[in-house]
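One structure below.
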Amino acid sequence: MWRCFDANTRIVVLSASAGVTNILVALAGGLEPTERFSQLDALRQIQFNILERLRYPNVIREEIERLLENITTLAEAAALASSTALTDELVSHGELMSTLLFVEILRERGIQAQWFDARKVLRTNDRFGRAEPDIAAVAELTQQQLAPRLAEGLVVTQGFIGSEAKGRTTTPRPRRQRLYRRSAWRSAECHPRRYLDRCPGDLYYRPARRAGGETHRRHRL
Numbered sequence: 001m002w003r004c005f006d007a008n009t010r011i012v013v014l015s016a017s018a019g020v021t022n023i024l025v026a027l028a029g030g031l032e033p034t035e036r037f038s039q040l041d042a043l044r045q046i047q048f049n050i051l052e053r054l055r056y057p058n059v060i061r062e063e064i065e066r067l068l069e070n071i072t073t074l075a076e077a078a079a080l081a082s083s084t085a086l087t088d089e090l091v092s093h094g095e096l097m098s099t100l101l102f103v104e105i106l107r108e109r110g111i112q113a114q115w116f117d118a119r120k121v122l123r124t125n126d127r128f129g130r131a132e133p134d135i136a137a138v139a140e141l142t143q144q145q146l147a148p149r150l151a152e153g154l155v156v157t158q159g160f161i162g163s164e165a166k167g168r169t170t171t172p173r174p175r176r177q178r179l180y181r182r183s184a185w186r187s188a189e190c191h192p193r194r195y196l197d198r199c200p201g202d203l204y205y206r207p208a209r210r211a212g213g214e215t216h217r218r219h220r221l
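The sequence shown lines up with residues 1 to 221 when you count with full-length UniProt numbering.
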């Protein structure tokens, strides 16, 4: 957390909170009403366990509620007919919520952070569920939309989602997730420094692995 005070830190890349992605993937597969409602309740509980620990939860409560409503609508659609495009859209909400929460945590601790939607710059092809980044487009869009924000201060964004040319949400091929992140952000001259550790209901940060294999101890926020 305290490294976020470092003036040299410009971007923080996060995953979804623990347990959230599994729930979203299950919803995307199409569930019967009883199981769907159960999963939606579990998802809401995870988000509100974090939200209610904030000093001023109402600052982002409306936005979190809006995303949860989107998830409910998408889950209902998936129960009728699932697709890889719908799955990508649904799964993206995990990182959208975690980054919103983390920005508010930082602000409450005196760190002026701003939220950024990675889909604005992480351009991919339209192979939903197994998208590949368009490195040239990522570099160009980053210079246009992300670089100015980096000059202003710390940016918090997502690490697993992008968008294709029509603006539809995409996610990378699972086995190439690490390559996707590295190649896309490296071309943009951005270095992901942190991500959420996977512990249900809590937010953690852990800096990226250092050269030589050394890692930092994880810290609860």
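Yeah, the Cβ is synthetic: ideal placement off N, Cα and C, and Gly gets one too.
Strand pairing of residue i, partner residues [DSSP]
i	result
S163	R123, T169
L150	For L150, which the question treats as bridged, DSSP gives no partner whatsoever.
A79	Paired residues: none, contrary to the question.
L14	Q158
A131	P172
Proximity of residue i and residue j at Cβ, strictly below 8 Å
i	j	result
S38	G159	no
R123	L141	yes
F116	R168	no
A75	R127	no
G19	A78	no
Cβ-Cβ separation, residue j to residue i (assumed contact under 8 Å), whole Å
i	j	result
L154	A118	No, L154 and A118 are not in contact; Cβ-Cβ is about 15 Å, not under 8 Å.
I161	E95	6 Å
V138	V156	Between V156 and V138 the Cβ distance is about 18 Å, and since that is not below 8 Å, they are no contact.
Chain-order list of residues whose beta-carbon lies under 8 Å from that of residue i (same chain, five-residue window excluded)
i	result
L51	P57, I60, R61, I64, L101
I71	L24, L27, L40, L43, L90, H93
K166	D126
Cβ neighbour criterion (16 or more within 10 Å) applied to residue i
i	result
V13	buried
E164	buried
A136	exposed
Q47	buried
T73	exposed
R55	exposed
E152	exposed
S17	buried
residue 241	Given a span of 1 to 221 for the chain in the structure shown, any question on residue 241 remains unanswerable.
R173	exposed
Nonlocal neighbours in the same chain, by C-beta distance under 7 Å from residue i, ignoring five residues either side
i	result
G129	T84, T87, D88, T171
R107	A113
Other residues of its chain near residue i: CB distance less than 6 Å, five sequence neighbours each side excluded
i	result
Q144	none
E189	With a pLDDT of only 38 at E189, under 50, the local geometry of the prediction cannot be trusted, and no value is derived from it.
Cutoff 8 Å: residue i Cβ touching any chain C Cβ
i	result
E108	The structure shown contains no chain C; it holds only a single protein chain.
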